[in-house]
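Student: Protein chains in written order, with my numbering: chain A, 48 to 386; chain B, 48 to 386; chain C, 48 to 386; chain D, 48 to 386.
Protein chains: 4
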Amino acid sequence: MVVVLKPDVPVEKRNELIKEIESLGVKVQVTEGVEVSILGLVGDTSNINKYRIASNDIVANILRVQEPFKKANKMFKPDYTIIEVCGRKIGEGYFTVITGPCSVESEEQIEGIAKAVKESKAAFLRGGAYKPRTSPYAFQGLGLEGLEYLKHAKKHTGLPIVSEIMSVDMLERFVDDVDIIQVGARNMQNFVLLKELGKTKKPILLKRGLAATIEEWLMSAEYIMSEGNDRVILCERGIRTFETYTRNTLDLSAVQAVKRLSHLPVIVDPSHATGKAWMVESMSKAAVVAGADGLIIEVHNNPSLALCDGQQSITPEEYSLLMEKIEKLVEFEGKKLVF
Amino acid sequence: MVVVLKPDVPVEKRNELIKEIESLGVKVQVTEGVEVSILGLVGDTSNINKYRIASNDIVANILRVQEPFKKANKMFKPDYTIIEVCGRKIGEGYFTVITGPCSVESEEQIEGIAKAVKESKAAFLRGGAYKPRTSPYAFQGLGLEGLEYLKHAKKHTGLPIVSEIMSVDMLERFVDDVDIIQVGARNMQNFVLLKELGKTKKPILLKRGLAATIEEWLMSAEYIMSEGNDRVILCERGIRTFETYTRNTLDLSAVQAVKRLSHLPVIVDPSHATGKAWMVESMSKAAVVAGADGLIIEVHNNPSLALCDGQQSITPEEYSLLMEKIEKLVEFEGKKLVF
Amino acid sequence: MVVVLKPDVPVEKRNELIKEIESLGVKVQVTEGVEVSILGLVGDTSNINKYRIASNDIVANILRVQEPFKKANKMFKPDYTIIEVCGRKIGEGYFTVITGPCSVESEEQIEGIAKAVKESKAAFLRGGAYKPRTSPYAFQGLGLEGLEYLKHAKKHTGLPIVSEIMSVDMLERFVDDVDIIQVGARNMQNFVLLKELGKTKKPILLKRGLAATIEEWLMSAEYIMSEGNDRVILCERGIRTFETYTRNTLDLSAVQAVKRLSHLPVIVDPSHATGKAWMVESMSKAAVVAGADGLIIEVHNNPSLALCDGQQSITPEEYSLLMEKIEKLVEFEGKKLVF
Amino acid sequence: MVVVLKPDVPVEKRNELIKEIESLGVKVQVTEGVEVSILGLVGDTSNINKYRIASNDIVANILRVQEPFKKANKMFKPDYTIIEVCGRKIGEGYFTVITGPCSVESEEQIEGIAKAVKESKAAFLRGGAYKPRTSPYAFQGLGLEGLEYLKHAKKHTGLPIVSEIMSVDMLERFVDDVDIIQVGARNMQNFVLLKELGKTKKPILLKRGLAATIEEWLMSAEYIMSEGNDRVILCERGIRTFETYTRNTLDLSAVQAVKRLSHLPVIVDPSHATGKAWMVESMSKAAVVAGADGLIIEVHNNPSLALCDGQQSITPEEYSLLMEKIEKLVEFEGKKLVF
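1. Which of the three DSSP states, helix, strand or coil, is assigned to C:L384?
2. Which residues does DSSP list as the beta-bridge partners of B:V50?
3. Report the three-state DSSP secondary structure of D:L354 (helix, strand or coil).
4. Please state if the CB of B:R99 and the CB of A:L352 are separated by a distance shorter than 8 Å.
5. Of the choices D:K249, D:L189 and D:A334, whose alpha-carbon is the least far from that of D:Q156?
6. What beta strand (DSSP E) runs, 3 residues minimum, are completely inside the segment 126 to 169 of chain A?
7. Compare the C-beta of D:I82 against all C-beta atoms of chain B and say whether one is closer than 8 Å.
8. Please name the residues in the segment 342 to 370 of chain B whose beta-carbon is closer than 9 Å to at least one beta-carbon of chain A, in chain order.
9. Identify whether C:E114 lies in helix, strand or coil by the three-state DSSP scheme.
10. Per DSSP, A:F171 is paired with what?
11. Can you look up D:K246 in the DSSP assignment and give me helix, strand or coil?
12. Would you mind giving the Cβ-Cβ distance between B:R135 and B:I105, rounded to the nearest angstrom? I have them listed as a contact below 8 Å.
13. For A:I314, does the three-state DSSP call read helix, strand or coil?
14. Would you kindly report the start and end of the unbroken alpha helix (DSSP H) that includes D:T204?
15. Identify every residue that forms a DSSP beta bridge with C:V81.
16. Tell me, please, which residues DSSP counts as bridged to A:T296.
17. Compare the beta carbon distance of D:I361 and D:A324 with 8 Å and say whether it is the shorter of the two.
18. Between the alpha carbons of D:R278 and D:S210, how many angstroms are there, rounded?
19. Please list the residues of the segment 100 to 124 of chain C that have a C-beta atom closer than 7 Å to any C-beta atom in chain D, keeping them in chain order.
20. Rounded to a whole number of angstroms, what is the C-alpha to C-alpha distance between B:G72 and B:V51?
21. Quick one: give me the first and last residue of the alpha helix (DSSP H) that C:K60 is part of.
22. Relative to the C-alpha of D:D340, which candidate in D:L88, D:D298, D:I129 and D:K74 has its C-alpha closest?
23. Pick from B:A334, B:P317, B:V335 and B:V336: whose alpha carbon is nearest that of B:V327?
24. Within 10 Å of its beta-carbon, does C:H203 have 16 or more other beta-carbons around it, so buried, or fewer, so exposed?
25. Am I right that D:E380 and D:V336 are in contact with their C-beta atoms under 8 Å? What's the rounded C-beta distance?
26. Tell me the rounded alpha-carbon separation between C:F221 and C:A170.
27. Answer yes if the segment 163 to 181 of chain B comes into contact with the segment 62 to 82 of chain C, meaning at least three C-beta pairs across the two stretches below 8 Å, and no otherwise.
28. Candidates A:V49, A:K242, A:G231 and A:S182: which alpha carbon is nearest B:P183's?
29. In the DSSP assignment, find the beta strand (DSSP E) that holds A:L265 and state where it starts and stops.
30. Where does C:H199 land, buried or exposed, given buried means 16+ other C-beta within 10 angstroms?
31. First and last residue of the beta strand (DSSP E) that includes A:I228?
32. B:I314 touches chain C at which residues, Cβ-Cβ below 9 Å?
33. Strictly under 8 Å for the Cβ-Cβ distance: is B:S329 near chain C by that measure?
34. For B:A258 versus A:R173, is the C-beta distance shorter than 8 Å?
35. Could one say the Cβ of B:V336 lies closer than 8 Å to chain C's Cβ atoms, at least one of them?
36. Are there 16 or more other CB atoms within 10 angstroms of the CB of D:D298, so buried, or fewer, so exposed?
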């Protein structure tokens, strides 16, 4: 941590501040500049309250020297984390595709889609049983019934299940029924939920919040990891910007940013990012060569009748054609397609 | 709802679409333009899936004619809602200030602040018992102990309490102990929590999410109201933009927007919006004349030692001086200061 | 400037970097931390290329210690600048309102408006002769004819003129005809234009760009000032955010930010910021108590027939009523209304 | 254009409005809804002032049915435009890479880079002679001397030249010396410049503004085209968002959006978008498979000594390795690499 002082600070005031800071357990080293001087704090600054120092009236600014995330930080664990779920790997060197409808609508629907996408090399089946919807009047998901249908589909196809949890009270059930627990963008900073997920051993698919910086996203991963669960998969799904042509703005450069800052796997959701079925192919391909470890793609047997997000869902046939291209690009990247 | 068709659509295809839409229970009226034609949907369109129609390949665009919120909508309830809590009113014509520290840190701290701000005409005492923090390593609040201290402070000063709830499992306790339950910006779309709050009779202070549009914010109010609880107070607390000089960007025009779209009270949080104690005065004053129904202001006895958000907290003395100005401006606006 | 090194950098590499940096004319002071070390650069760093140092592979980050603007910086000129134009003052302690239509449409129109707003204590008459429009098919202004009409209106009312310049080739004419030259938001970083304006002695009204940070805005003022023209008036006119209910998001906290960082006057444009005539009153009032030095307000004799921005223009009658309130608030702030 | 009326509007008022609208030369067709009625305007609405109608107090909202750009619109010219410059094609089916340093620094520098990138299959040489810099104290380019060096480099390598114009007074010189004239992000809405460029026959590389929507970007292309110059190449270079890890946020989905809305070529600038040399490879590859028609990449012989944007420049060696991958992906996409 570096403390920038205002110009022309009296020496006594500066010494007082140094004394105060050193009482917090760190050493202070002064660099006297021509116009302003700075204090370098040496030692463990993780518990030092930045605001406390900033509120001192001789302080102009506080500069942070290190990232605030530890367990998620690549600097402290240089090897990329590979997460294995039901024999399928997710992480650097592999490419893993999670596919399925936005919401489970019926047993036939989810089984039909599951069979189709399995044939087209999906590694996991996704399906929403509980749906976070902007409107209270919109379809909210089938709930427990939806979870049951997902389990049946898993039984029949062998595809492990990914589904979104919306509250802590469903945790036990999700731990029992689901293979990867998804945390949605709107819950990325639901810290109570994150902590409870950190106490399980389940892999967690953590979507980036609509307005979350990459650092905040990694700090939410840190919440889960700080409780003991290291199996976090990050998912870029578009951020909110001024542009309204797409549902969100897919931030593909976040993939490389995460790969540099963290050892955790990162996948991309082109369906929510764009909100347009006809953009899914191009953004899926882009995600592969941008270095993502996988994709999560919405597929629906009949998008025009979907109860949720039909506009951004592709059909099983379109998915099959897409996967042919994906497979070639994964090979081009020297990675292994997991299925 | 208006459906815009692509140019040169064959009549049969158009008729098929009209038939499909009318099977959903609405009437369709065609306006033939020079280049494009449009379909006007007449009837109750609230259950019509916009995406379903949009995925038809002769459709160019769907335009919405009405706001999606009903119970929060001023069009259907033109009189402003006044919410009374422990004899104190919140809503049009009144000005109500909620004051206190970001987090409850000790019994002495909260009692000291409570007494001071009561003398300076605060109407409610705020204090965090559970704190949503970006970092899992930061102070997370005193929890139940904090709630107890708040209750003591209420007993000694008579100030009703406002505190933030972070999860459904604390609901019973909050209903018992707290006079207004606050929902933080990060939980604005925690729909499970919103629905449960909707089943209580407690007033809810609903903060705007970091990246929430005004419409999404009102839809979150609608979640609470659709379950039967009409006592929602909206709180503008700054939105996330590209500007980093302030913690967030205070969107003061949202106050008038809410006043036009909804009958619900709307207050302003200048402390979180700016993240800078020295900006609280100017933004508080601006909020009064911009038409807000109140303020929520962070006050700490010793900001430089605060365990949370010290940089944006003002002292009880600064608060006292601020309230003298606020009181005059409230009078200027022809409103009644509640305390 | 502070250079943060990566962990475990070999001493020789560090010494090489120090040598390289010192060859640029500054001294380097090392602070060795537990995990990372930092280099403090002492001396004139204004010509040091940050990117040059950052591209060295032992460097983790570069932190800037000082603001990059000098002449606009309050640190180096603590007294607020008061700009006097035709006997009217703009700056701290005064409140100055610039009023008129978005575009000059005819001689009668501008004269009529000028007389009306003069009676309601406008200090300056604004009117666009050249209009930057998003569409090439929209009304582009009357050009020179518009400037002539403005001059007539000035002659008849005594109100000095504010008008927007769009390119360098019009500079001579604007210097002759106009009292304050406005630079629009879209030209805030038209550096060629800024430099030429810096060579004149005319006061410049510099609008903030749609996506300009406060620092970039001050750097654009610095462009003008670095050429010798210190008479820059800043104008906050709303920034672009994800919210679409208002045309832009008025960033009122920018007023206080500018007042702290710079000595230059800062005024507010509530008309463009909100894009809604019915919001102009509340945001104008808010600007006064937020500490602005003035306003620029769009007034049109017949908004529904305006060739440009009618939706955000108020009538002379509405303006008159607004100014009564403004005058009281200016008095409340202990400032002097200029007219 | 669709006009949405407020609920319960008296028939006479509605008829008055219809009469007023029809006097503007269009026909009005009424659709009566259950709660609100709408007016569909039939005919040429391009000259109808939306704000004029919106300011009528019985109007709730105005919805636009068509895009405001005409000449750039794919709906009216379905075939993609291919622009040929010095025998090199830019547009659908081709992939064209423009390469060179941010700024021309010396004759040796630009010649050395030109030779190197030519060998690695660059199609055009870029180099800034005039540089738009945020700070007036930063290197502003070599000016005319820079243009001369570019011409020499063209003579020696045969690579046509791309360079940025900053003001109208340089137009003649740029038309003579440069093969593609670049308009920078900060000048995307410098309408005076756009119009003058529209009167030339030179190809224009139009960068997207920092906060420009896709529609505004296409409207700026329309400015050029409406004056008679159809040879516009669009360039996505990142937009400004809340994320600060990257210099801007590359909006790759804009490529497909442009391809659907317009027939104009669109290329991608990964260097400015990310601001990080180590991200250029991944984002370049992503741009190819996302459907872009080309790239503009910053290459510098010695990035750590670059006078401008060194942090985002790659070396000729890195460029050479990158182009091997690009070439394979271009082939994968079934396109032809132009060089």
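In this text, a Cβ means the ideal position worked out from N, Cα and C, and glycines have one as well.
Tutor: So, from the listed chains and residues:
1. Against the third sequence, residue 384 of chain C aligns to sequence position 337. Taken through DSSP and simplified to helix, strand or coil, C:L384 comes out as strand.
2. Counted from its first residue, the second sequence places residue 50 of chain B at position 3. Looking at the DSSP assignment, B:V50 forms a beta bridge with B:L86 and B:I109.
3. Position 307 of the fourth sequence, counting from 1, holds the residue named residue 354 of chain D. Note: D:L354 maps to coil in three-state DSSP.
4. Here residue 352 of chain A refers to the residue found at position 305 of the first sequence. Here residue 99 of chain B refers to the residue found at position 52 of the second sequence. In terms of Cβ geometry, A:L352 and B:R99 form a close pair [threshold 8 Å].
5. As a first step, residue 156 of chain D must be located in the fourth sequence, where it is residue number 109. Nearest of D:K249, D:L189 and D:A334 to D:Q156, Cα basis: D:L189.
6. 130 to 132, 135 to 137 and 141 to 147
7. Locating residue 82 of chain D in the fourth sequence gives position 35, counting from the first residue. Just to set this straight, residue 82 of chain D is Glu in the shown sequence, not Ile. Judged by the 8 Å Cβ criterion, D:E82 is in contact with chain B.
8. Cβ contacts with chain A: P350, S351, L352, A353, L354, C355, D356, G357, Q358, Q359 and S360.
9. By one-based count along the third sequence, residue 114 of chain C stands at place 67. Three-state result, C:E114: coil.
10. As a working note, residue 171 of chain A is residue 124 in the first sequence. The partner list for A:F171 (beta bridge, DSSP) reads A:I145.
11. The residue given as residue 246 of chain D occupies position 199 in the fourth sequence. Three-state result, D:K246: coil.
12. Within the second sequence, residue 135 of chain B is the residue found at index 88, counting from 1. Within the second sequence, residue 105 of chain B is the residue found at index 58, counting from 1. Incorrect: roughly 57 Å between the Cβ atoms, too far for contact.
13. Position 267 of the first sequence, counting from 1, holds the residue named residue 314 of chain A. Here A:I314 sits in strand by DSSP.
14. Counting from one through the fourth sequence, the residue named residue 204 of chain D turns up at place 157. Counting along the chain, the alpha helix (DSSP H) containing D:T204 begins and ends at L191 to T204.
15. As a first step, residue 81 of chain C must be located in the third sequence, where it is residue number 34. The partner list for C:V81 (beta bridge, DSSP) is empty, contrary to what the question assumes.
16. For this step, residue 296 of chain A is matched to residue 249 along the first sequence. Bridge partners of A:T296: A:I286.
17. In the fourth sequence, the residue the question calls residue 361 of chain D occupies position 314. In the fourth sequence, the residue the question calls residue 324 of chain D occupies position 277. It is a contact, given that the beta carbons lie within the stated cut-off.
18. Locating residue 278 of chain D in the fourth sequence gives position 231, where the first residue counts as 1. Locating residue 210 of chain D in the fourth sequence gives position 163, where the first residue counts as 1. So the two alpha carbons sit approximately 16 Å from each other.
19. A101, S102, N103 and P115
20. In the second sequence, the residue the question calls residue 72 of chain B occupies position 25. In the second sequence, the residue the question calls residue 51 of chain B occupies position 4. Approximately 19 Å, taken between the alpha carbons.
21. The count along the third sequence starts at 1 and reaches residue 60 of chain C at position 13. First-last of the alpha helix (DSSP H) with C:K60: V58 to E69.
22. Numbered from 1 along the fourth sequence, position 293 holds the residue referred to as residue 340 of chain D. Ranking the options by Cα distance to D:D340, first place goes to D:I129.
23. Taking the first residue of the second sequence as position 1, residue 327 of chain B is located at position 280. Selected option, being the one with the closest Cα: B:P317.
24. Start at 1 with the first residue of the third sequence, and residue 203 of chain C comes out as number 156. Exposed, because fewer than 16 other Cβ atoms sit within 10 Å of the Cβ of C:H203.
25. Start at 1 with the first residue of the fourth sequence, and residue 380 of chain D comes out as number 333. Start at 1 with the first residue of the fourth sequence, and residue 336 of chain D comes out as number 289. The pair is a contact, with the Cβ atoms about 6 Å apart (cut-off 8 Å).
26. Against the third sequence, residue 221 of chain C aligns to sequence position 174. Against the third sequence, residue 170 of chain C aligns to sequence position 123. Cα to Cα, C:F221 sits roughly 19 Å from C:A170.
27. Between the segment 62 to 82 of chain C and the segment 163 to 181 of chain B, the count of C-beta pairs closer than 8 Å stays below three; the two stretches do not touch.
28. Position 136 of the second sequence, counted from the first residue, corresponds to residue 183 of chain B. Nearest option by C-alpha distance: A:K242.
29. Here residue 265 of chain A refers to the residue found at position 218 of the first sequence. It is not in any beta strand (DSSP E) - A:L265 instead sits in the alpha helix (DSSP H) that spans I261 to S273.
30. One-based indexing of the third sequence puts residue 199 of chain C at position 152. When all chains shown are included, C:H199 counts as exposed.
31. Reading the first sequence from its first residue, position 181 is the one you call residue 228 of chain A. Start and end: I227 to V230.
32. Translated into the one-based positions of the second sequence, residue 314 of chain B becomes position 267. Residues of chain C passing the Cβ test: none, with the nearest at roughly 15 Å.
33. Here the question's residue 329 of chain B lines up with position 282 in the second sequence. Judged by the 8 Å Cβ criterion, B:S329 is in contact with chain C.
34. Your numbering for residue 258 of chain B matches position 211 in the second sequence. Your numbering for residue 173 of chain A matches position 126 in the first sequence. At least 8 Å separates the beta-carbon of B:A258 from that of A:R173.
35. Looking up residue 336 of chain B in the second sequence gives position 289. Chain C contact via Cβ: present.
36. Translated into the one-based positions of the fourth sequence, residue 298 of chain D becomes position 251. D:D298 should be labelled buried.
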